[in-house]
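A short write-up of the structure that comes next.
Protein chains: 2
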Amino acid sequence: MASDTREQFLDTAEMLFSERGFYGVSIAAIANELGLTKQALLHHFGSKEKLYGEVLKRISDEFAALETDILRDETDPATRLKTYLMRLHTPFARGAAPTRLLMREVLDNKRRADSAGTWYLKPFLERLVRLVRDIPAWQNASRAEAFTMVYQLLGAINYFGISEPTLQGIFGATSYAKIEQAFPSQLDRLIDAVIAAGPRSTA
Amino acid sequence: MASDTREQFLDTAEMLFSERGFYGVSIAAIANELGLTKQALLHHFGSKEKLYGEVLKRISDEFAALETDILRDETDPATRLKTYLMRLHTPFARGAAPTRLLMREVLDNKRRADSAGTWYLKPFLERLVRLVRDIPAWQNASRAEAFTMVYQLLGAINYFGISEPTLQGIFGATSYAKIEQAFPSQLDRLIDAVIAAGPRSTA
DNA sequence: TTACGAACTTACCATTTGGTAAGTCTAAGT
DNA sequence: ACTTAGACTTACCAAATGGTAAGTTCGTAA
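In order, the protein sequence lines correspond to chains A and B.
Residue numbers 49 to 251, in the working numbering, belong to the letters of the first sequence in order.
Residue numbers 49 to 251, in the working numbering, belong to the letters of the second sequence in order.
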């Protein structure tokens, strides 16, 4: 199939960009991973920036699809939000690569010339805020309050999501295994607590 | 003073590394920022890796000093933890640079050859876990539970801490100002809720 | 059979990278 | 007066970078 190579390039690029960052990976390195030359890559994507953009777009689309699934399967607003967030904890079969890449994007997008102005995270964040404000207890929350709430949860999830190698390095594999095991239930309780608390000290 | 230039190099390097990452900054760029050549930088630090290591070390030391202050000023364990975490929200006069750099370090340290094995975050994290387990309600928490709890809070704080440029880009300056204003009080409540909840569903 | 376009490759290029070598300049110590 | 050492500079260098140009190979459609 023709587009097979393209898809492989996107997979490899996602992995390497997520591990080493945009400037830490050369297009030659990505191509070599597939046994091809960098010009094969340029043939398909035109430039490194465009390749990077397509990788981000693919992730963005996957998150959108994830929300569509949840809106179909769940009806209770609080459950929808919670399900979505819990799913973000171990996002896709590809592991932490999308989480790591999005974290890098938050750190870098302002500086990288070409993709500035293209905010791949925007629809994702707006969907989350919408989910929060569908919850009865949060209906009179301001946009800022709803956003802040969900962004704190997102931070808790994503920060842990990118930390595996570092935490394994610091604490060792066995200690990390315990931490990883403890995380979901603690996250579950955290989300419940935050949702239950509502937007403001009961005024 | 002789070491004045050195300190300026560390300041500039911290800023640029935090903004563009290790691979995104050349030593020539750092030196030019001070009107010097890259060889002046190499004269003081020997290599790019060593410079980067010293920047990290300085940040690590500052966090240690911060804890010392808090241990001196506060006696209640819960207050100590909360004060520490709230201080991390806007860490130093230098703004978000240390937070951004540490986030990059979490993403990168496994891959960068030289600094692998040097875990600048280790003492910082161990101090936090110690603070948690000093709190009466958390005294029978496992290490993993205490760690997971504080790491979630750390994630909420740090993720927001690195997001200013991105969020301004997505939502605009005025919307971001509202979010920034709403954040501390929500964080305050989040920390209280997590501490109060204790390590496990009341068994 | 030929024409064509997609999927590549080898050559090549200017620029930038981190780092070495060999100075120059200046202030302090003896 | 002479030496030494620190703080720098100019001159290099080999390797790697992203990208262009010009093919080659090959399956398919006219």
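Built from N, CA and C at the ideal position, the CB exists for glycine as well.
* Top-ranked residue by Cα proximity to L145 of chain B, from B:F231, B:R54, B:S223, B:F208 -> Position 97 of the second sequence, counted from the start, is the residue given in the question as residue 145 of chain B. At residue 145 of chain B the sequence reads Ala, which differs from the Leu that was named. Nearest option by C-alpha distance: B:F208.
* Going along chain A in order, which residues have a C-beta closer than 7 Å to the C-beta of A204 of chain B? -> Here residue 204 of chain B refers to the residue found at position 156 when the second sequence is read from its first residue. By Cβ distance, chain A contributes Q200, G203, A204.
* Mind reading off the beta-carbon distance from Y132 of chain A to E115 of chain A? Whole number of angstroms is fine, and I expect it under 8 Å. => Locating residue 132 of chain A in the first sequence gives position 84, counting from the first residue. Locating residue 115 of chain A in the first sequence gives position 67, counting from the first residue. Indeed they touch by this definition, with Cβ atoms about 7 Å apart.
* So what's I196 of chain B in DSSP terms, helix, strand or just coil? -> By one-based count along the second sequence, residue 196 of chain B stands at place 148. Sequence inspection shows Thr at residue 196 of chain B; the Ile mentioned does not correspond to that position. Helix at T196 of chain B.
* Which of the three DSSP states, helix, strand or coil, is assigned to K264 of chain A? -> Chain A is shown from 49 up to 251; residue 264 of chain A falls before or after that span and cannot be answered.
* CB of F65 of chain A within 8 Å of CB of Y100 of chain A, strictly -> For the purposes of this step, residue 65 of chain A is taken as residue 17 along the first sequence, with counting starting at 1. For the purposes of this step, residue 100 of chain A is taken as residue 52 along the first sequence, with counting starting at 1. Contact flag set, yes.
* Asked: Does the beta-carbon of P184 of chain B have 16 or more other beta-carbons within 10 angstroms, so that it is buried, or is it exposed?
  -> Taking the first residue of the second sequence as position 1, residue 184 of chain B is located at position 136. P184 of chain B comes out exposed.
* **Residues near G220 of chain B by beta carbon distance below 8 Å, same chain, minus five either side** => Along the second sequence, read from residue 1 onward, the residue named residue 220 of chain B stands at position 172. If we look at G220 of chain B and ignore the five residues flanking it on each side, it has no Cβ neighbours.
* **Coarse secondary structure for T222 of chain B, derived from DSSP in three states** => Position 174 of the second sequence, counted from the start, is the residue given in the question as residue 222 of chain B. Helix, per DSSP.
* Compare the Cα-Cα distances from G53 of chain A to each of A:K86, A:G69, A:F70 and report the closest residue. => Along the first sequence, one-based indexing puts residue 53 of chain A at 5. Note on identity: in this sequence residue 53 of chain A is Thr, with Gly being the wrong assignment. It is A:K86.
* N188 of chain B CB to nearest chain A CB: under 8 Å? -> Taking the second sequence and counting its residues from 1, the one referred to as residue 188 of chain B is at position 140. Not one beta carbon of chain A lies nearer than 8 Å to the beta carbon of N188 of chain B.
* Any contact of the stretch 236–247 of chain B with the stretch 234–249 of chain A, i.e. 3+ C-beta pairs under 8 Å? -> yes
* Asked: What is the DSSP secondary structure of E174 of chain B, reduced to helix, strand or coil?
  -> The count along the second sequence starts at 1 and reaches residue 174 of chain B at position 126. Residue state, collapsed to three classes: helix.
* To do: Mind listing the chain A neighbours of S211 of chain B? Cutoff is C-beta to C-beta under 8 Å, in chain order.
  => Position 163 of the second sequence holds residue 211 of chain B. Within 8 Å Cβ-Cβ: V154, Y199.
* My guess is that R148 of chain B and I210 of chain B are in contact by the Cβ rule of under 8 Å, so how many angstroms apart are they, rounded? -> The residue labelled residue 148 of chain B in the question sits at position 100 within the second sequence. The residue labelled residue 210 of chain B in the question sits at position 162 within the second sequence. Separation of the CB atoms of R148 of chain B and I210 of chain B is rounded to 5 Å, and the pair is thereby assigned contact status at 8 Å.
* To do: Have a look at A:L176, A:A79, A:G72 and flag the residue whose alpha-carbon is nearest the alpha-carbon of T60 of chain A.
  => Numbered from its first residue, the first sequence carries residue 60 of chain A at position 12. Comparing Cα-Cα distances from T60 of chain A to each of A:L176, A:A79, A:G72, the minimum goes to A:A79.
* Asked: Buried or exposed: where does K130 of chain A fall if 16 or more other Cβ atoms within 10 Å of its Cβ makes it buried?
  -> Within the first sequence, the letter at position 82 stands for residue 130 of chain A. Result: buried.
* To do: Note down, in chain order, all residues in the stretch 71–89 of chain B with a beta-carbon under 8 Å from any beta-carbon belonging to chain A.
  => Within the stretch 71–89 of chain B, Y71, G72 place their CB atoms closer than 8 Å to a CB of chain A, listed in sequence order.
* Integer-rounded CB distance, given that R178 of chain B should sit under 8 Å from A189 of chain B -> Within the second sequence, residue 189 of chain B is the residue found at index 141, counting from 1. Within the second sequence, residue 178 of chain B is the residue found at index 130, counting from 1. Contact flag wrong, Cβ pair sits at about 12 Å.
* Cα-Cα, which of B:K96, B:L84, B:E67, B:L82 is closest to S74 of chain B? -> In the second sequence, the residue the question calls residue 74 of chain B occupies position 26. Considering only alpha carbons, the answer is B:K96.
* Asked: Is there a Cβ from chain A that is less than 8 Å from the Cβ of D52 of chain B?
  -> For the purposes of this step, residue 52 of chain B is taken as residue 4 along the second sequence, with counting starting at 1. Not closer than 8 Å to any Cβ of chain A, the Cβ of D52 of chain B fails to qualify, so no.
* Report yes if the CB atom of L169 of chain B is closer than 8 Å to the CB atom of T214 of chain A, and no otherwise. => Here residue 169 of chain B refers to the residue found at position 121 of the second sequence. Here residue 214 of chain A refers to the residue found at position 166 of the first sequence. Taking 8 Å as the Cβ cut-off, L169 of chain B and T214 of chain A qualify as a contacting pair.
* To do: State yes or no: is the beta carbon of K105 of chain A nearer than 8 Å to at least one beta carbon in chain B?
  => By 1-based counting over the first sequence, the position of residue 105 of chain A is 57. False, the Cβ-Cβ gap to chain B never drops below 8 Å.
* **Length of the line joining the Cα atoms of R248 of chain B and P232 of chain A** => Reading the second sequence from its first residue, position 200 is the one you call residue 248 of chain B. Reading the first sequence from its first residue, position 184 is the one you call residue 232 of chain A. C-alpha separation (whole angstroms): 12 Å.
* Between G217 of chain A and K226 of chain A, what straight-line distance do the alpha-carbon atoms span, to the nearest angstrom? -> Indexing the first sequence from 1 puts residue 217 of chain A at position 169. Indexing the first sequence from 1 puts residue 226 of chain A at position 178. G217 of chain A and K226 of chain A: Cα-Cα distance of roughly 14 Å.
* Tell me where the alpha helix (DSSP H) around G246 of chain A begins and ends. => Mapped onto the first sequence, residue 246 of chain A falls at position 198. Segment: none, G246 of chain A is in no alpha helix (DSSP H) and carries neither H nor E.
* From F111 of chain A to V103 of chain B, what does the alpha carbon distance come to, in whole angstroms? -> In the first sequence, residue 111 of chain A corresponds to position 63, counting from 1. In the second sequence, residue 103 of chain B corresponds to position 55, counting from 1. Each residue's alpha carbon lies about 36 Å from the other.
* Asked: Going by C-alpha distance, which of A:F70, A:M63, A:G246 is nearest N157 of chain A?
  -> The residue labelled residue 157 of chain A in the question sits at position 109 within the first sequence. N157 of chain A has its Cα closest to that of A:F70, out of A:F70, A:M63, A:G246.
* Asked: Nearest to H92 of chain B by CA position, among B:R160, B:T127, B:T166, B:E55, is which residue?
  -> Position 44 of the second sequence, counted from the start, is the residue given in the question as residue 92 of chain B. It is B:E55.
* Select from A:R175, A:M63, A:A126, A:G246 the residue whose C-alpha is nearest the C-alpha of R106 of chain A. => Translated into the one-based positions of the first sequence, residue 106 of chain A becomes position 58. If we check each option's Cα against that of R106 of chain A, A:M63 comes out closest.
* **8 Å Cβ shell around A76 of chain A - same chain, five flanking residues per side excluded** => Here residue 76 of chain A is taken as the residue at index 28 of the first sequence, counted from 1. Excluding positions up to five away in sequence, the list reads T85, K86.
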